[in-house]
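Going down the list, the protein sequences come from chains A and B.
As numbered in the working numbering, residues 28 to 524 make up the first sequence, in order.
As numbered in the working numbering, residues 3 to 104 make up the second sequence, in order.
We put the beta carbon where it would ideally sit given N, CA and C, even for glycine.
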Amino acid sequence: MTFKNFAGMTINDFMHFKKNNVNLSQYFTEYYNQNTPQIKWTNALLRQFGYMDNNIPITFKDNMYIAGQIASSGSHMLENFKAPFDSHMYTLCQKHHINVHGSGNMDELAMGSHNIYSYFGKVLNPINIHNNKKFDIKDVGNIADDQIITPGGSGGGPLVCTSMGLSLGAFGTDTGGSLRGPAEWNGLVGYKPTFGNISRYGIAELSSHLDTISLAGKTVDCVKKMAKIFIDNDPKDSVCQPILHTPKITKKIATFNYIVKNIIDPHSYEAMIKAQDKLREAGYIVEEVKINENLFQYMDITYSIICYSDASSSLGTYNGLLYGAKMQKEGSLTDRIYKGPRSEGLGLLQAKRRSIIGKLLLQPEYKICHVAAYKYISQLYKHLCQNVFNHYDCLLTPANGITPRINNLQSSGQNGALTSDIWLCMSNLFGGPAISVPVDKNQYGMHGVQLCGNIGEDLKILDIAEDLDNIFKFNEKFRGKCEYINDNKYEFIVEDK
Amino acid sequence: MTTAPNNLKYNLDDLLSKCQFSLNESESEWMSNQLQEFIRNIHSIIKFANVEETEYIKFWQVGKLREDEIIPEKLDVLLSNTHIDSNTNFFTVPGTLYVEAQ
Numbered sequence: 028m029t030f031k032n033f034a035g036m037t038i039n040d041f042m043h044f045k046k047n048n049v050n051l052s053q054y055f056t057e058y059y060n061q062n063t064p065q066i067k068w069t070n071a072l073l074r075q076f077g078y079m080d081n082n083i084p085i086t087f088k089d090n091m092y093i094a095g096q097i098a099s100s101g102s103h104m105l106e107n108f109k110a111p112f113d114s115h116m117y118t119l120c121q122k123h124h125i126n127v128h129g130s131g132n133m134d135e136l137a138m139g140s141h142n143i144y145s146y147f148g149k150v151l152n153p154i155n156i157h158n159n160k161k162f163d164i165k166d167v168g169n170i171a172d173d174q175i176i177t178p179g180g181s182g183g184g185p186l187v188c189t190s191m192g193l194s195l196g197a198f199g200t201d202t203g204g205s206l207r208g209p210a211e212w213n214g215l216v217g218y219k220p221t222f223g224n225i226s227r228y229g230i231a232e233l234s235s236h237l238d239t240i241s242l243a244g245k246t247v248d249c250v251k252k253m254a255k256i257f258i259d260n261d262p263k264d265s266v267c268q269p270i271l272h273t274p275k276i277t278k279k280i281a282t283f284n285y286i287v288k289n290i291i292d293p294h295s296y297e298a299m300i301k302a303q304d305k306l307r308e309a310g311y312i313v314e315e316v317k318i319n320e321n322l323f324q325y326m327d328i329t330y331s332i333i334c335y336s337d338a339s340s341s342l343g344t345y346n347g348l349l350y351g352a353k354m355q356k357e358g359s360l361t362d363r364i365y366k367g368p369r370s371e372g373l374g375l376l377q378a379k380r381r382s383i384i385g386k387l388l389l390q391p392e393y394k395i396c397h398v399a400a401y402k403y404i405s406q407l408y409k410h411l412c413q414n415v416f417n418h419y420d421c422l423l424t425p426a427n428g429i430t431p432r433i434n435n436l437q438s439s440g441q442n443g444a445l446t447s448d449i450w451l452c453m454s455n456l457f458g459g460p461a462i463s464v465p466v467d468k469n470q471y472g473m474h475g476v477q478l479c480g481n482i483g484e485d486l487k488i489l490d491i492a493e494d495l496d497n498i499f500k501f502n503e504k505f506r507g508k509c510e511y512i513n514d515n516k517y518e519f520i521v522e523d524k
Numbered sequence: 003m004t005t006a007p008n009n010l011k012y013n014l015d016d017l018l019s020k021c022q023f024s025l026n027e028s029e030s031e032w033m034s035n036q037l038q039e040f041i042r043n044i045h046s047i048i049k050f051a052n053v054e055e056t057e058y059i060k061f062w063q064v065g066k067l068r069e070d071e072i073i074p075e076k077l078d079v080l081l082s083n084t085h086i087d088s089n090t091n092f093f094t095v096p097g098t099l100y101v102e103a104q
């Protein structure tokens, strides 16, 4: 199993695939051969999912552990770090005979939203290839940053693999939309379960309060079937206590278009309205609800307070002795083990920035920020429960709310100003389930909507999302296919109807 | 020592020392700007949440209670969803902050 080559999915890889009509089997290496019995079982599972009898496997995000395999988390610091044990997710994959054929490139230590901060290179959205009228494929590597359509992040790599048909699905951490965001921009379904429903044992954590293992696939049906496998109690993760209520669907969905309208990308808004209209045609009652608008203004900064504080603690564990980055040969022991490797191994724009801001927030005089965040989330919880989930099945929001361009990178909310990138982190702060479903595409990329549910009501939002997916049948219109020919031979086909 | 609004202060050298990495001059300047921008932003949430000193103290006192002294009904609605980690004695609330117990 080669991680960096396959998992990288960088611009250069895409060029290589496209130019040479690469037989992708070279990227699967000997790992397949070692697991022959599993392939047969996987076929059975795939048939259960309604797929063809081919060996399309699962891709992990590169921060999930498989014993003895490199889990680099897109970081120079962890470039040579081999996972010492299996993650619970991988254990379940083995138990249910699901092939994990590699790990996908990601933003450094899961910090980023466009997958441009990986030490191993930027990840490219496949739509760049489809839009090759605009870019000559041989020039892909020279495209200016502001012209690149990104796959979203931080889990861009595994989602691109799935989008292009190399995987049945993708698993990874979702701290603030890291799987749902790229799922939207790759035309996939991304599902974040209720916090604590899936074990996080065996991941390189970013934020212990927000990290949730999430699933992505081509259809809601597929994701739903995977969810039933992976929502499982695990004593090794102390917060893993699955809550799954039996759904009683009233077919009532809440929206707040009046807040959303002026702050998201017009194409995303159009897609959201289209989804609402189609749901109404399908018998759903979609209504606008009044929510305290102020709650959205401080979501970004609240998310940052919690995430950066946690990130600073998580990053504190990385050193040259345990994690493989080169140690300095000179200086004090601390310098050799910590300062040197960390200075060289951590990226400035995300890892170092979050580490320092997090360390600042952990100072005694800044703990008032944590109290503010706590109170804010308390209010968010109350407002959503009282105003929405007591009367409606779920809340329909935009997913990313912006087009997948690097120049759309948003900084955190400026003095309480509303930004368009708050929708994904809302359910992480709230702790409830959320699912992004693709509904539209244009030259700027894919557009989807997100359904957010109350804590423990995963099955309810999955059922509603399935209805939505069955209406749009998005992946019938646009998908990459990886056809199985014979022994470990694959033919790579991209269809754009 | 740089003083930020509302007397929230930071010392980049001290933070760098705690974070155990170094920055060159231009990186330090950039990081300083990032910190100042972040501090400006957090005042908005502190003001919105209307945090008072008494609440601040009360909040951290919760952390000093033993498990058997905590009455979930009397805590906020969030704590009704609290999971108690028997290994670390951290109360972990879905999607929110933890309160450290003794």
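Practice item. Give the straight-line distance between the Cα atoms of E371(A) and E308(A), rounded to the nearest whole angstrom. Key: Taking C-alpha positions only, E371(A) is separated from E308(A) by approximately 56 Å.
Exercise for review: Could you tell me whether the Cβ of R380(A) comes closer than 7 Å to any Cβ of chain B?
Suggested key: Taking 7 Å as the threshold, the shortest C-beta distance from R380(A) to chain B falls below it.
Review point. When DSSP labels each residue in this structure, what does P269(A) get in the three-state scheme?
Key: In this structure, P269(A) counts as coil in the three-state DSSP scheme.
**Study point:** Contact set between the segment 32-49 of chain B and chain A, restricted to residues whose Cβ is under 9 Å from the partner
**Key:** Taking 9 Å as the Cβ-Cβ cut-off against chain A, the residues of the segment 32-49 of chain B that qualify are W32, M33, Q36, L37, E39, F40, I41, R42, N43, I44, H45, S46, I47, I48 and K49.
Exercise for review: Check each candidate in Y285(A), C396(A), G459(A) and Y228(A) and name the one with the smallest Cα separation from Y408(A).
Suggested key: Of the candidates Y285(A), C396(A), G459(A) and Y228(A), the one whose C-alpha sits nearest the C-alpha of Y408(A) is G459(A).
Check your understanding: L373(A) by DSSP, collapsed to three states: which one?
Key -> Residue state, collapsed to three classes: coil.
Practice item. Please list, in chain order, all residues of the same chain as G472(A) whose beta carbon is under 8 Å from its beta carbon, the five residues on each side excluded. Key: The beta carbon of G472(A) is closer than 8 Å to those of N152, I154, I176, W212, T430 and P431 in its chain, skipping five residues each way along the sequence.
Review point. Could you check where the alpha helix (DSSP H) with Y401(A) kicks off and where it finishes?
Key: Per DSSP, Y401(A) belongs to the alpha helix (DSSP H) from K394 to L411.
Practice item. Given a cut-off of 7 Å, decide if L237(A) and T200(A) are closer than it, judged by their beta-carbon atoms. Key: Pairing T200(A) with L237(A) gives a Cβ-Cβ distance that is not under 7 Å.
Check your understanding: Counting pairs of beta carbons, one from the segment 267-282 of chain A and one from the segment 358-372 of chain A, are three or more of them closer than 8 Å?
Key -> Segments in contact, no.
Exercise for review: Mind the definition here: the segment 476-485 of chain A touches the segment 176-190 of chain A only if three or more C-beta pairs lie below 8 Å; say whether that holds.
Suggested key: In short, these stretches do not touch, since the Cβ pair count stays below three.
Review point. Which whole-angstrom value describes the C-beta separation of H103(A) and I256(A), a residue pair presumed to lie in contact below a C-beta threshold of 8 Å?
Key: By a beta-carbon distance limit of 8 Å, H103(A) does not contact I256(A). Their separation comes to about 34 Å.
Check your understanding: Using a Cβ-Cβ distance under 7 Å, would K402(A) count as near chain B?
Key -> Yes, contact with chain B.
Check your understanding: What in chain B is Cβ-close to K386(A), meaning under 7 Å?
Key -> Residues of chain B passing the Cβ test: L17, K20 and C21.
Practice item. Under 7 Å Cβ to Cβ from I364(A), same chain only, skipping five residues before and after it: list those, please. Key: Within the same chain, N346, G347, L348 and M354 come within 7 Å of I364(A) by CB-CB distance, once the 5 residues on both sides are set aside.
Check your understanding: Just reading off the beta strand (DSSP E) that E297(A) is part of, what are its end residues?
Key -> For E297(A), no beta strand (DSSP E) segment is defined; the enclosing uninterrupted segment is the alpha helix (DSSP H) at P293 to E308.
Point to revise | Boundaries (first-last residue) of the beta strand (DSSP E) holding S478(A) | key: Residue 478(A) is actually Leu in this sequence, not Ser. First-last of the beta strand (DSSP E) with L478(A): G472 to C479.
Review point. Comparing the C-beta of S28(B) with each C-beta of chain A, is any distance below 7 Å?
Key: Judged by the 7 Å Cβ criterion, S28(B) is not in contact with chain A.
Review point. By Cβ distance, which residues of its chain are closer than 8 Å to D261(A), with the 5 residues on each side in sequence left out?
Key: The beta carbon of D261(A) is closer than 8 Å to those of H115, S226, Y228 and C267 in its chain, skipping five residues each way along the sequence.
Point to revise | Own chain, CB closer than 7 Å to F108(A), minus 5 neighbours either side, in chain order | key: Once the five neighbours on either side are set aside, the close Cβ partners of F108(A) are I97, A98, S99, Y350 and G351.
Review point. How about the segment 176-185 of chain A and the segment 401-418 of chain A: do they share at least three Cβ pairs that are nearer than 8 Å?
Key: Using a C-beta cut-off of 8 Å, the segment 176-185 of chain A makes no contact with the segment 401-418 of chain A, since fewer than three inter-stretch Cβ pairs fall below that distance.
**Study point:** Spatial neighbours of Y311(A) in its chain, beta-carbon cut-off 6 Å, leaving aside the 5 residues before and after
**Key:** Within its own chain, the residues whose Cβ lies closer than 6 Å to the Cβ of Y311(A), once the five positions on either side in sequence are excluded, are K278 and I280, listed in chain order.
Practice item. Assuming A461(A) contacts M138(A) (C-beta within less than 8 Å), just tell me the rounded distance between them. Key: Not really, about 20 Å apart at Cβ, beyond 8 Å.
Point to revise | Contact with chain B by K263(A), beta-carbon distance below 7 Å | key: Judged by the 7 Å Cβ criterion, K263(A) is not in contact with chain B.
Review point. According to the neighbour-count rule (16 or more other Cβ atoms, all chains shown, within 10 Å of its Cβ), is T344(A) buried or exposed?
Key: Here T344(A) is exposed: its Cβ has fewer than 16 other Cβ atoms, across all protein chains shown, within 10 Å.
Exercise for review: Output, in chain order, the set of chain B residues within a Cβ distance shorter than 8 Å of I332(A).
Suggested key: Within chain B, the C-beta atoms nearer than 8 Å to that of I332(A) come from I44 and I47, in chain order.
Review point. Residues in the segment 360-373 of chain A with C-beta within 7 Å of chain B's C-beta atoms, listed in sequence order?
Key: Those would be Y365, K366, R369, S370 and L373, in chain order.
Point to revise | C-alpha gap between G214(A) and S140(A), whole angstroms | key: Distance between G214(A) and S140(A), taken at the CA atoms: about 16 Å.
**Study point:** C-beta atoms of Y146(A) and G101(A) nearer than 7 Å
**Key:** The Cβ atoms of Y146(A) and G101(A) sit closer than 7 Å to each other.
Review point. Can you tell me whether Q413(A) is buried or exposed, with buried defined as 16 or more other CB within 10 angstroms of its CB?
Key: Exposed.
Point to revise | Per-residue burial, L360(A) [other beta carbons within 10 Å of its own, 16 or more giving buried] | key: So L360(A) counts as exposed.
Practice item. Taking G244(A) and V287(A) to be in contact with their CB atoms under 8 Å, please state how far apart those CB atoms are, rounded to whole angstroms. Key: At roughly 26 Å, the Cβ-Cβ gap does not stay under 8 Å, so G244(A) and V287(A) are not in contact.
Practice item. Output yes or no for whether 7 Å exceeds the beta carbon distance between K20(B) and K386(A). Key: Yes. Within cutoff.
**Study point:** CA-to-CA distance, S339(A) to Q22(B), given in whole angstroms
**Key:** Those two C-alpha atoms are separated by around 11 Å.
Review point. Do L195(A) and I291(A) come within 7 Å of each other at the CB atom, strictly closer than that value?
Key: Between I291(A) and L195(A), the C-beta spacing is not below 7 Å.
Practice item. Can you have a look at K500(A) and say buried or exposed, based on whether 16 or more other CB atoms are within 10 angstroms of its CB? Key: Classification of K500(A): exposed, given that the 10 Å Cβ count is below 16.
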